[in-house]
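> Chains S and G supply the protein sequences, listed in that same order. Sequence positions in the first sequence follow the numbering used here and run 118 to 359. Sequence positions in the second sequence follow the numbering used here and run 118 to 359. Glycine included, each C-beta is placed from N, C-alpha and C at the ideal position. A quick note: this is a predicted structure, and the numbers were derived from the prediction, not measured. Got a structure for you, questions after.
Number of protein chains: 2
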Amino acid sequence: MQIPLHLAISEQLRNQITSGEFQPGEQLPSEHQIMVQFEVSRITARRAIANLVNQGLVFSQQGKGVFVKEQRKVTYSLSSPMIFFEADMLRQGVRSAIHNLIFKPVSPPSPIRQTLQLTANHANQREVYLQKKLLLLDEIPVAIDITYILADLGKRYANELKQQMTFPTLEQNGIAIDRVTATLACTRADPETSEYLDVPLGEPLMVYCYTAYTDTDQPIVTGEALSRGDRLTYSVEIRKRD
Amino acid sequence: MQIPLHLAISEQLRNQITSGEFQPGEQLPSEHQIMVQFEVSRITARRAIANLVNQGLVFSQQGKGVFVKEQRKVTYSLSSPMIFFEADMLRQGVRSAIHNLIFKPVSPPSPIRQTLQLTANHANQREVYLQKKLLLLDEIPVAIDITYILADLGKRYANELKQQMTFPTLEQNGIAIDRVTATLACTRADPETSEYLDVPLGEPLMVYCYTAYTDTDQPIVTGEALSRGDRLTYSVEIRKRD
DNA sequence: AAGTGGTCTAGACCACTGA
DNA sequence: CAGTGGTCTAGACCACTTC
Numbered sequence: 118m119q120i121p122l123h124l125a126i127s128e129q130l131r132n133q134i135t136s137g138e139f140q141p142g143e144q145l146p147s148e149h150q151i152m153v154q155f156e157v158s159r160i161t162a163r164r165a166i167a168n169l170v171n172q173g174l175v176f177s178q179q180g181k182g183v184f185v186k187e188q189r190k191v192t193y194s195l196s197s198p199m200i201f202f203e204a205d206m207l208r209q210g211v212r213s214a215i216h217n218l219i220f221k222p223v224s225p226p227s228p229i230r231q232t233l234q235l236t237a238n239h240a241n242q243r244e245v246y247l248q249k250k251l252l253l254l255d256e257i258p259v260a261i262d263i264t265y266i267l268a269d270l271g272k273r274y275a276n277e278l279k280q281q282m283t284f285p286t287l288e289q290n291g292i293a294i295d296r297v298t299a300t301l302a303c304t305r306a307d308p309e310t311s312e313y314l315d316v317p318l319g320e321p322l323m324v325y326c327y328t329a330y331t332d333t334d335q336p337i338v339t340g341e342a343l344s345r346g347d348r349l350t351y352s353v354e355i356r357k358r359d
Numbered sequence: 118m119q120i121p122l123h124l125a126i127s128e129q130l131r132n133q134i135t136s137g138e139f140q141p142g143e144q145l146p147s148e149h150q151i152m153v154q155f156e157v158s159r160i161t162a163r164r165a166i167a168n169l170v171n172q173g174l175v176f177s178q179q180g181k182g183v184f185v186k187e188q189r190k191v192t193y194s195l196s197s198p199m200i201f202f203e204a205d206m207l208r209q210g211v212r213s214a215i216h217n218l219i220f221k222p223v224s225p226p227s228p229i230r231q232t233l234q235l236t237a238n239h240a241n242q243r244e245v246y247l248q249k250k251l252l253l254l255d256e257i258p259v260a261i262d263i264t265y266i267l268a269d270l271g272k273r274y275a276n277e278l279k280q281q282m283t284f285p286t287l288e289q290n291g292i293a294i295d296r297v298t299a300t301l302a303c304t305r306a307d308p309e310t311s312e313y314l315d316v317p318l319g320e321p322l323m324v325y326c327y328t329a330y331t332d333t334d335q336p337i338v339t340g341e342a343l344s345r346g347d348r349l350t351y352s353v354e355i356r357k358r359d
């Protein structure tokens, strides 16, 4: 067995997709049709389709069929995230919305405590607000954001924070963010995240971890955003240091 | 059927992994053991394992078994990619190496021509060098990079470019890079990439697309790097504009 | 030789969709 | 109702690893 049957089949279908023979949104042959056309068992036909799903090329809907994915991504600019987010989205022809899931004072876990440079003396106080929010683009959940913000800021701007992105809210209230350190990585959806973002288990996600500092080098916000890899792209401009 | 059997099983195993009951590198129960323990058919046992593979938690080796993945990632700094790459890797305790796959003059495809601001008159000339190279960290292929560089630079520094990263090579030769525009996104391994990077089909990858400009705003290099999402993290520092 | 995972078959029942 | 995909079973053969 040089090349598995299911792979040969999924490769042929894949070519038909990338060559445009199957257009985005179009329906693929049904499992039954594949069984007949390639003279294989249903399991093998299903396996071939699973390969395509796993490559992010198609998705399946029970009772309806298998369809070619649209590949439209929205770009999120890291270099000017402060004020222009909504405008940026509109420019890309996308309606954005935020659903607040959790907003409450908590005693932060140790690594958060460290990045926010909180001293240990107040260990039992509610020194930060924890916010979980869902970012919707065109009514589709695209990212889930978990933010820790210093308690006085969280308390003061609670209402605004629940309805907007964090950085713009701070900027609008005169809290200047001087720099943001961030990392970008990749994971796969676990069952909980797959619920929130309405994606299958294991779907590739991007992880954007950030910490924002004032001009006195005081960290005020840290958190991470899990976003759907098939819907979001991050852009950044790097300038040479002097 | 509220919750599928295969999911229930994979969830239980997942808990045992995240709780540390199964350590990284440790072997999971075999398909046969799962069949007996949960009283399911082999297909269902396999499906449960497939769920875990798909979440990036385990990997399987024919004839040996299923093992918990190590989760060690290396950080690549976008803010100082110029000179410090090798030093950065060493600091993280990682041996880095580069395998040159392709290095040749080509007539660039239209989108590349545009980003490099090449005029159409020379359409049939070999105005750029195309380089494909593999980045190995600890002898493991981690990223595949496809670079287009202006022909005179490519020709002049051919030997160095084949052995080092692109940006450091240019810096060392006095070609100052003033700024880099980049995007970071997510895809999944297609069959070709899965060969190069030695990962299963559909493995999440990061896509780093970049264009470098001189201080006269002349683009000199553009390209994209496909990296293994389970091995590489990108870091960046964003400073407020004035 | 024994144990592991990889591929494949035939067949059953269920859940959902749409005419 | 027919057609679709989702779950599950029992059983076969193969390829690879380890002893």
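Under 9 Å, do L247(G) and I292(G) count as touching if we go by C-beta distance?
Taking 9 Å as the Cβ cut-off, L247(G) and I292(G) do not qualify as a contacting pair.
> If you drop the 5 nearest sequence neighbours on each side, which residues of the same chain put their C-beta closer than 7 Å to that of C326(S)?
Correct list, in chain order: A299, T300, E341.
> Between T328(S) and the rest of its own chain, which residues show a CB-CB distance below 6 Å, the 5 nearest in sequence each way excluded?
Excluding sequence neighbours, T328(S) sits near T232, T298, P336, T339.
> Rounded to the nearest angstrom, how far is the Cβ of P225(G) from that of Y274(G), given a contact under 8 Å?
Going by Cβ atoms, the distance from P225(G) to Y274(G) rounds to 18 Å, so no, they are not a contact pair.
> Can you give me the Cβ contacts of D107(G) inside the same chain, cut-off strictly under 7 Å, excluding the 5 residues immediately before and after it?
Because chain G here runs from 118 to 359, residue 107(G) falls outside it and cannot be looked at.
> Using a Cβ-Cβ cut-off of less than 7 Å, list which residues of the segment 257-284 of chain G approach chain S; keep chain order.
Residues passing the 7 Å Cβ filter: none.
> Within 9 Å (strictly less), CB to CB, does Y351(G) reach chain S?
Yes, its Cβ sits closer than 9 Å to a Cβ of chain S.
> Under a Cβ-count criterion, where at least 16 other Cβ atoms within 10 Å of its own Cβ denotes burial, should P121(S) be classed as buried or exposed?
The residue is exposed, with fewer than 16 neighbouring Cβ atoms inside 10 Å.
> Can you tell me whether DSSP reads E277(S) as helix, strand or coil?
E277(S) falls in the helix class under three-state DSSP.
> I need the straight-line Cα distance from G182(S) to Q133(S), nearest angstrom please.
For G182(S) and Q133(S), the distance between alpha carbons rounds to 17 Å.
> I want to verify the contact list: residues of chain S whose CB lies under 9 Å from the CB of T300(G), in sequence order.
Those are T192, T350, Y351, S352, V353, listed as they occur along chain S.
> Going by other Cβ atoms of all chains shown within 10 Å of its Cβ, with 16 needed for buried, is Q172(S) buried or exposed?
Flag for Q172(S) reads buried.
> With a floor of 4 residues, list each alpha helix (DSSP H) that falls wholly inside the segment 141-214 of chain S, ordered by position along the chain.
Runs of the alpha helix (DSSP H) inside the segment 141-214 of chain S: 148-155, 159-171, 202-208.
> Quick one: residues in its chain with C-beta nearer than 8 Å to the C-beta of K186(S), no 5 flanking neighbours on either side, listed in chain order?
Excluding sequence neighbours, K186(S) sits near P141, G173, L174, V175, F176, D347.
> Kindly provide the ranges of any alpha helix (DSSP H) runs that are 4 or more residues long and lie completely inside the segment 238-266 of chain S, ordered along the chain.
Listed in chain order, nothing qualifies, since the segment 238-266 of chain S has no complete alpha helix (DSSP H) run of 4 or more residues.
> Here's the rule I'm using: 16 or more other beta-carbon atoms within 10 Å means buried, otherwise exposed. How should R189(S) be labelled?
It is exposed - the Cβ of R189(S) has fewer than 16 other Cβ atoms within 10 Å.
> Spatial neighbours of S311(S) within its chain, please: C-beta separation below 7 Å, excluding the five flanking residues on both sides.
The answer, listed in chain order, is P317, L318, E320.
> Which of helix, strand or coil does DSSP assign to E288(G)?
Here E288(G) sits in helix by DSSP.
> Could you work out which residues of chain G lie near S158(S), taking near to mean beta carbons separated by less than 7 Å?
By Cβ distance, chain G contributes nothing, its closest Cβ being about 12 Å from S158(S), past 7 Å.
> Under 9 Å Cβ-Cβ, which residues of chain S neighbour N132(G)?
What N132(G) touches in chain S: nothing, since even the nearest Cβ is about 11 Å away.
> For Y325(G), which beta-bridge partners are listed by DSSP?
Bridge partners of Y325(G): L301(G), A342(G).
> Shortest alpha-carbon distance to Q281(G) belongs to which of E309(G), E143(G), F202(G), S127(G)?
For Q281(G), the nearest C-alpha among the options comes from F202(G).
> Just reading off the beta strand (DSSP E) that I355(S) is part of, what are its end residues?
Per DSSP, I355(S) belongs to the beta strand (DSSP E) from 349-356.
> Please identify the residue among L235(G), S227(G), K250(G) whose C-alpha is closest to the C-alpha of K221(G).
When each option's Cα is compared against that of K221(G), the closest is K250(G).
> Do R212(S) and L252(S) have their C-beta atoms within less than 9 Å of each other?
Cβ atoms of R212(S) and L252(S): not closer than 9 Å.
> Return the CA-CA distance between H216(G) and A214(S), expressed in angstroms with no decimal places.
Computed Cα separation, rounded: 45 Å.
> Under the rule that 16 or more other beta-carbon atoms within 10 Å means buried, what is P228(S), buried or exposed?
That one is exposed.
> Flag M152(S) as yes if its beta-carbon sits less than 9 Å from any beta-carbon of chain G, otherwise no.
Not closer than 9 Å to any Cβ of chain G, the Cβ of M152(S) fails to qualify, so no.
> I'd like the list of long-range same chain contacts for K272(G), defined as Cβ closer than 8 Å, with 5 residues on each side in sequence excluded.
These residues qualify, in order along the chain: P222, Y246.
> Starting from P228(S) and walking both ways along the alpha helix (DSSP H), at which residues does that stretch end?
Unbroken alpha helix (DSSP H) run through P228(S): 227-232.
> Work out the CA separation of L270(S) and T135(S) for me, nearest whole Å.
Those two C-alpha atoms are separated by around 49 Å.
> Using the rule of at least 16 other Cβ atoms within 10 Å of the residue's Cβ for burial, across every protein chain shown, is A204(G) buried or exposed?
Classification of A204(G): exposed, given that the 10 Å Cβ count is below 16.
> Helix, strand or coil, according to DSSP, for P317(S) in the structure here?
Looking at P317(S) - three-state DSSP - the assignment turns out to be coil, as it is neither helix nor strand.
> Return the Cβ separation of T350(S) and A302(G) in integer angstroms, given the expectation that the two are a contact with Cβ distance under 8 Å.
T350(S) to A302(G), Cβ: 4 Å. Contact.
> For L207(G) versus L169(G), is the C-beta distance shorter than 9 Å?
No, these two residues do not count as a Cβ contact at 9 Å.
> Which stretch, first to last residue, makes up the alpha helix (DSSP H) that contains S127(S)?
That run of the alpha helix (DSSP H) goes 122-135.
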